[in-house]
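The number in the numbering used here is simply the position in the sequence shown, starting from 1, with 121 added.
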Amino acid sequence: MSHRKYEAPRHGSLGFLPRKRARRHRGRVKSFPKDDPSKPVHMTAFLGYKAGMTHIVRDLDRPGSKNHKKEIVEPVTIIEAPAMVVVDPRGLRSLTTVWAEHLSDEVKRRFYKNWYRSKKKAFTKYAKKHADGAKPILRELERIKKYCTVVRVLAHTQ
122 MSHRKYEAPR HGSLGFLPRK RARRHRGRVK SFPKDDPSKP VHMTAFLGYK AGMTHIVRDL
182 DRPGSKNHKK EIVEPVTIIE APAMVVVDPR GLRSLTTVWA EHLSDEVKRR FYKNWYRSKK
242 KAFTKYAKKH ADGAKPILRE LERIKKYCTV VRVLAHTQ
């Protein structure tokens, strides 16, 4: 019986299989932390991209270690977190969606397959709702406050 594993061990972890291009550029939040009702309303997730890695020199504060109070070099990850704009709040169960009054072209592009050939008419009827008065929009927001226990927002980066 030969021992190939000593002469030619496998290359790379099997945890990263299948090796293929990512389906989406942005990551998804697959689980949110448990909500604490005693704390005020806040965002539980935000978007960040891994921009790279570097290293830092810091003083180690670990009593009992032989490197205690000595400088050590550690690798760090740089995460770029661009500013986010809330586009619409929505309930966890699809009760209703309330869009913002002014949506940038970057947001509207996401709703078209081919932006430059489109007529760019998305959200024009919704903008008329804002122009007529904020009464129906405020009514929808009140419905969300009354019936929804979990409210999520759709946000985009600048």
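All C-beta atoms, glycine included, are put in the ideal place defined by N, C-alpha and C.
- For arginine 179, the enclosing beta strand (DSSP E) has its first and last residue at 170 to 180.
- The DSSP assignment places 226 to 230, 245 to 253 and 256 to 268 as complete runs of the alpha helix (DSSP H) inside the region 209 to 278, in order along the chain (cut-off: 4 residues).
- Less than 8 Å separates the beta-carbon of leucine 168 from that of arginine 147.
- Around the beta-carbon of tryptophan 236, fewer than 16 other beta-carbon atoms lie within 10 Å, marking it exposed.
- DSSP links threonine 165 through a beta bridge to no other residue.
- Nearest Cα to glutamate 201 within the set Lys160, Arg145 and Gly173: Gly173.
- Of the candidates Arg211, Asp209, Pro203 and Ser239, the residue whose Cα lies closest to the Cα of glutamine 279 is Pro203.
- For a cut-off of 8 Å, the C-beta gap from leucine 275 to valine 219 is around 10 Å, too long to register as a contact.
- For the pair of segments examined, the region 221 to 235 was found not to touch the region 175 to 190: the number of CB pairs separated by less than 8 Å stays below three.
- Across the set Ser159, Thr165, Arg140 and Lys160, the C-alpha of Thr165 shows the shortest separation from the C-alpha of lysine 151.
- In this structure proline 196 touches histidine 176 by the C-beta definition: roughly 5 Å separates them, less than 8 Å.
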